[in-house]
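Read the structure below first, then the notes.
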Amino acid sequence: MKYIKKPIPIDAIQWNGDNVEEILNFMLGNCPIFSGNGEITIDTLEGKMNAPLGSYIIKGVDGEFYPCRREIFEASYTKVYEHSITCNQCHKNFSTTDAHIYYDELNNKYQYWAICPYCNTKNDWEV
């Protein structure tokens, strides 16, 4: 059987070796250990895990943190941007970062959609 990952928005930050303060602010309440070799050690639900330089630190849906190698992260996630949308039903403008993304296999492209807060209509647009 094949499965597709659910499009759940996550918060993440890339460890670049120079952004210690950003990492600490992102991981409030969780104290990562910064080693001299460029790695960060993070307490995860599965125990301590290392995040090599270039890895992403992901905040999970329940507030937990875990590392993800850059190659895997970039193959699995796409950045969510704030979108300014004009509703195709009520024609009011709204902004959203809570857009959902799906892959349109027929047209071989990603599509976004969001619900208009004024009239509850689904609005689609291309990435």
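Residues are numbered in the numbering used here as their position in the sequence shown, beginning at 1, plus a constant of 12. From the three backbone atoms N, C-alpha and C, an ideal C-beta is built for every residue, glycine too.
| query | result |
| --- | --- |
| Under the three-state reduction of DSSP, which class applies to Ile-127: helix, strand or coil? | strand |
| For Pro-129, I'd like the list of residues in its chain whose CB is within less than 7 Å of its CB, leaving aside the five on either flank, ordered along the chain. | Phe-106 |
| Alpha carbons only, please: which of Ser-47, Phe-46 and Phe-38 is nearest the one belonging to Ile-70? | Phe-38 |
| Measure from the alpha carbon of Phe-85 to the alpha carbon of each residue in Asn-135, Cys-43, Trp-137 and Trp-27, then state which is nearest. | Trp-27 |
| Would you list the one or two residues that DSSP bridges to Met-61? | Ile-54 |
| Short of 8 Å in beta carbon distance, which residues of its chain neighbour Lys-17, apart from the five on each side in sequence? Order them along the chain. | Ser-88 |
| Go ahead and label Asn-135 buried or exposed: buried means 16 or more other beta carbons lie within 10 angstroms of its beta carbon, across all protein chains shown. | buried |
| What's the call for Tyr-124, buried or exposed, on a 16-neighbour Cβ count within 10 Å? | buried |
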